[in-house]
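What follows is one structure encoded as structure tokens, with my remarks underneath.
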Amino acid sequence: MTGELAEAVVDLAAIAGNVERIAGATSAAVMTVVKADGFGHGAVPVARAALAGGATWLGVTSAAEALQLRSAGLTVPVLSWLHGPGTDFAALAAAEVDVSVAAPELLDAVAAAARGTGRTAQVHLKIDTGMSRHGATAEGWPELVAWARKYEREGVLAVRGLWSHLATADSSPYGVTAQTAAFAEAVAYARDAGLDPELLHLANSAAAFTAPHTHFDLVRAGIAAYGVEPVPGRAFGLRPALTLRTQVIMAKRVPAGTGVSYQHTHVTARPTTLALIPLGFADGIPRGVDGRAQVLLGGRRLPIIGRVAMDQCVVDAGDSDVRIGDPVTVLGPGDAGEPTATDWATWADTNPHEILTGIGTRVPRRHESKGTFTADVRVEGALPFPHHGRKRP
Ligand SMILES: *Cc1c(COP(=O)(O)O)cnc(C)c1O
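Residue numbers (UniProt numbering): 1 to 393.
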């Protein structure tokens, strides 16, 4: 560590290897989703590693995220998918960023921006196939398609993609089947109405490994690229890329009956050594995990006790010989017995995505490429299967 009290070390070779595994599980092209600063790992370095691993697309939510990739010199196809009336569609068109549109009003805004810049906007129309989140409803789809076709005829935009998002790929194959059928219907309608999209896409990480019939031309994988197994109870050989490290900044012996941290929710049952670590809920340690969560200190898993505070929390080191400066691993790939993001998600009753994206900006990210990860692209249960779509070069 470079004088920092904590750091998140991101293994870019692991990310490249994970993307290679995703690519090995599909005949479609791979989009690596680098939204939310690459799920907390650093969007630009992650993007470069993902491209090295075989991704040909990058996915983000916002215009700012897309433009950040362009500013870093990344020229590959980028799709951005959450927009509002105030989105700077002109900047996105000028930067050749593809945009998702799910409502006619926003299609008007995209068309107006394209007219202003003299560029043909590349649009992916989103249909809601059952998640009830983003996307046009089945009732709204004909109108969205009609407007898109009109603007396409005028030459201001091109419908490059049709897409949707799965709600239950990690849990219910029935939900996936129903959504895939609804998607196929929406695609057929759009084709009948004159659209000729180059790309159909539906799958997320879980579907990339388990549901080849959802792959079409492109899979959009986020969490798997970061090395978190996307389907509970199954392993596809992914390697967690991020290790969150810190150190003990105070160690003290206390007697039995000592109340620890705010509200004294924990009272020591015996004399023990308390080790203080300088990470709290502002750094992504969930506040309510005391009594369940553990860290790796001195080669052992030791519990966090008492309320996690904004900036610090207390570890019960028992009778271990703990000193100021001793290294602590909060989460990582698990090689040395440290907890994983998936362990933390269980303790905090959330998903690993929230754990990883919750690591605060106060924790510096350091990127390294250990090169120890060898990607074996054979994937259990996912190959072989028929080709489901055109692969982009
Ligand atoms: C975040 C996101 C993804 C990636 O999902 P994972 O489950 O992390 O692979 C894909 N598509 C959309 C629309 C998303 O918002």
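Ideal placement from N, C-alpha and C gives every residue a C-beta, glycine not left out.
Counting only residues of its own chain and dropping the five nearest sequence neighbours on each side, P77 has a CB closer than 6 Å to the CB of W57. The beta carbon of A52 sits closer than 7 Å to those of A16, all from its chain and outside the five residues before and after it, given in chain order. Assigned with DSSP and collapsed to three states, S261 falls in coil, not helix or strand. Per DSSP, T32 lies in no alpha helix (DSSP H); the unbroken beta strand (DSSP E) holding it starts and ends at 29 to 33. Here the distance from the Cβ of V76 to the nearest heavy atom of ligand 1 is not below 8 Å.
The straight-line gap separating the alpha-carbon atoms of E185 and L125 is approximately 14 Å.
Within the stretch 101 to 180, the runs of alpha helix (DSSP H) that reach at least 4 residues and sit entirely inside it are, in chain order, 104 to 117, 141 to 154.
Excluding the 5 residues flanking it on each side, G358 has same chain C-beta neighbours closer than 8 Å at G40, G284, P286, in chain order. In terms of CA proximity to G84, A63 leads the group M131, T75, A63, A28.
Burial check for D217: the Cβ neighbour count within 10 Å reaches 16 or more, so the residue is buried. Residue state for V9 is assigned as strand, using DSSP reduced to three classes. Using a Cβ distance threshold of 9 Å, A66 and F89 do not count as a contacting pair.
Taking each of A158, V145, E229 in turn and checking the Cα distance to A193, the smallest one comes out for V145. Put simply, the stretch 314 to 321 does not touch the stretch 199 to 210. Fewer than three CB pairs are less than 8 Å apart.
Of the other Cβ atoms in all chains shown, 16 or more fall within 10 Å of the Cβ of Y151; this residue is therefore buried. The DSSP assignment places complete beta strand (DSSP E) segments of no fewer than 3 residues inside the UniProt domain "Alanine racemase C-terminal" (241 to 368) at 242 to 247, 250 to 254, 272 to 277, 294 to 297, 300 to 305, 313 to 318, 327 to 331, 365 to 368, in order along the chain.
If the five residues before and after L5 are omitted, its C-beta is found closer than 7 Å to the C-beta atoms of T246, Q247, I249, P278, all from its own chain and listed in chain order. Closest option to V101, judged by alpha-carbon separation, among G332, V9, A121, A91: A121.
For S205, there is no enclosing beta strand (DSSP E); the residue is part of the alpha helix (DSSP H) that begins and ends at 205 to 210. Just measuring C-alpha positions, the residue of P230, G222, L244 sitting nearest L297 is L244.
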